[in-house]
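Peer 1:
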Amino acid sequence: MTEFVQFILELKQPLGSALCMVGAVLAIIGTVGVLRFPDFYTRLHAASVTDTAAATVAIAGMLLLAPDWLVAFKLLAVWLFLFLTGPTAGHA
């Protein structure tokens, strides 16, 4: 059991970093979508969908990298705020 726990603890750092990078790539893809779509409403849709997805993946990576539970709780509070207000802001 101890070896398995050690393996999981060693896997947290690279997995958290990879999730943060995937979140950044999703944000860049969303930016390209905003620049390519023709009108305001499709641009707004692309921005709101990719914003929520990128923030979710990046915050999941940050949760794995969080040093203690207080930081993790704050990250979850930020995620909940973004998850609830992102689609509302994108609804024009």
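In our numbering, the protein residues as written are 135 to 226.
In this text, a Cβ means the ideal position worked out from N, Cα and C, and glycines have one as well.
Since the model is a prediction, treat every value here as computed from it, not as a measurement.
Could you tell me if M196 is buried or exposed, where buried requires 16 or more neighbouring beta carbons within 10 angstroms of its beta carbon?
Peer 2: Along the sequence shown, one-based indexing puts residue 196 at 62. Burial call: buried.
Peer 1: One question on the structure: do V191 and G157 come within less than 9 Å of each other, judged by their Cβ atoms?
Peer 2: As a first step, residue 191 must be located in the sequence shown, where it is residue number 57. As a first step, residue 157 must be located in the sequence shown, where it is residue number 23. Against a cut-off of 9 Å, the Cβ pair of G157 and V191 comes out as a contact.
Peer 1: Would you check if the distance between the CB atom of G167 and the CB atom of A187 is smaller than 9 Å?
Peer 2: For the purposes of this step, residue 167 is taken as residue 33 along the sequence shown, with counting starting at 1. For the purposes of this step, residue 187 is taken as residue 53 along the sequence shown, with counting starting at 1. Not a contact, by the Cβ cut-off of 9 Å.
Peer 1: Throw me the rounded Cβ distance for the L160 and T184 pair, which I believe falls under 8 Å.
Peer 2: Start at 1 with the first residue of the sequence shown, and residue 160 comes out as number 26. Start at 1 with the first residue of the sequence shown, and residue 184 comes out as number 50. That belief holds up - the Cβ atoms of L160 and T184 are roughly 6 Å apart, short of 8 Å.
Peer 1: So A194 packs on L216, CB below 8 Å; how close in whole Å?
Peer 2: The residue labelled residue 194 in the question sits at position 60 within the sequence shown. The residue labelled residue 216 in the question sits at position 82 within the sequence shown. The Cβ separation is near 12 Å, so there is no contact.
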